[in-house]
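According to this note's numbering, numbering within the sequence shown proceeds without interruption in unit steps and concludes at 1204. For glycine and all other residues, C-beta sits at the position ideal for the given N, C-alpha and C. None of the values given here were measured: they were computed from a predicted structure.
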Amino acid sequence: MSDTIIKAESLCFTYEDGTEALKGIDLEIGRGRKVAFLGANGSGKSTFFFCLNGIHRPLSGQLYFDGEPYDYSKQGLLKIRSKVGIVFQDPDSQLFSASVYQEISFGAMNLGLPVDEVQSRVEQAIQDLEITPFRDKPTHFLSGGQKKQVSIADILVMNPDVIVLDEPAAALDPKHTVIVNHLIDKLSERGITTIISTHDVNHAYDWADDVVLFLDGRVLLSGSPEEVFSDDEALYKTNLEKPAALRLFEDLCQKGILDHSLPLPRTLETLEEYIQQSSVVRKGF
């Protein structure tokens, strides 16, 4: 089994109004990886995500899932959407059933699964995403955070190999942002390849295994968080700030408080440990 679960080759997409959203995307996404996409609004991230799920068919180029080219027949799309699920930025664009339970059931039923299998998957998703208190509520009565939980459950019942979340924290308050990020971590722990778009450089730096920067419909840079966020030129071109942990680490190294030979800290907690260790050394303990 290949370590690459999704591969894009020279992927191009143009909207009906002539907007070139994707201009030759070449990218490989590793199996079981946590991948963060960053870039300005309009850089092509959402369009690329819609291509991954088969919502958009590329104008040219090719997508591969598990080494097999995408099949855009009705059965082919049903198969790819059961393997690559997408959670939209605005959950109201995704939710349409009368109740939460019916909403979560829809995807599994659409796969043609036996009723008992559908029920089993729905109950598991409700439990995993802590939806039990509002499982029988109408979807339009839910808070933004609850709608996001249900949107993720919609995909989870399909048992996907890949889940794509377009700005999962958009319009959420801090409390629900923490809840949704926790849910995303649980998906990753299950071995699901987890892809998000975000404007939060600190979260991307701390969370992701791989980071992809989009600029004007192209991949400007991809690599580890340390590689991407250490590239000042790429950050400048995409109007992104350096993550706080990395920025402070570099400042402390310039002042001689820390040593550049230390591994780049991914979190402020790690940076604090470095400072404490450095303080102990300077005191001679």
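Find out if the Cβ-Cβ distance for the pair residue i, residue j is shorter than 7 Å.
i     : j     : result
G1026 : M1077 : yes
L1091 : G1064 : yes
G958  : F1133 : yes
A1153 : N1121 : no
V954  : D1129 : yes
S1024 : V1037 : yes
P1087 : I1115 : yes
Q1068 : L1048 : yes
G986  : I1082 : no
T966  : L941  : yes
K969  : H975  : Sequence inspection shows Phe at residue 969; the Lys mentioned does not correspond to that position. Yes. Within cutoff.
L1131 : F956  : This sequence places Val at residue 1131; Leu is not what is there. Contact flag set, yes.
L1030 : T1058 : no
P1010 : S1062 : no
G937  : G1136 : no
Rounded to the nearest angstrom, how far is the Cβ of residue i from that of residue j, given a contact under 8 Å?
i     : j     : result
L1165 : Y1124 : 7 Å
D1085 : F1007 : 6 Å
V1099 : I1050 : About 13 Å; that fails the 8 Å criterion.
S979  : S929  : 7 Å
S1197 : L1177 : 6 Å
I1103 : T1112 : At roughly 12 Å, the Cβ-Cβ gap does not stay under 8 Å, so I1103 and T1112 are not in contact.
A1089 : I1045 : Going by Cβ atoms, the distance from A1089 to I1045 rounds to 24 Å, so no, they are not a contact pair.
Just to confirm the assignment, what range does the beta strand (DSSP E) spanning residue i have?
i     : result
A1089 : Note, A1089: premise wrong, no beta strand (DSSP E); not H, not E.
D945  : E939 to G949
T933  : T923 to T933
K993  : First-last for K993: K993 to K1002, but that is the alpha helix (DSSP H), not the beta strand (DSSP E).
S1116 : T1112 to S1116
K953  : K953 to L957
S1227 : Outside the displayed range of the chain (920 to 1204) lies residue 1227, so it cannot be described from this structure.
Under 6 Å: does the beta carbon of residue i sit that close to some heavy atom of the ligand NAP?
i     : result
S1180 : Among the components of this structure there are no ligands whatsoever, and the ligand NAP is therefore not found.
Provide the residue span of the alpha helix (DSSP H) that contains residue i, from first to last.
i     : result
P1079 : That residue, P1079, is in no alpha helix (DSSP H); it is neither H nor E in DSSP.
S965  : K964 to L971
K1105 : P1093 to E1108
3 or more residues per run - each beta strand (DSSP E) lying fully within the stretch 1118-1165: Listed in chain order, the complete beta strand (DSSP E) runs (minimum 3 residues) inside the stretch 1118-1165 are 1129-1134 and 1137-1142.
The stretch 949-958 in contact with the stretch 923-936 per 3-pair CB rule at 8 Å: Verdict: yes, contact present.
Every unbroken beta strand (DSSP E) within the stretch 986-1065, with a cutoff of 3 residues, ordered by chain: Whole beta strand (DSSP E) segments, 3+ residues: 1003-1006.
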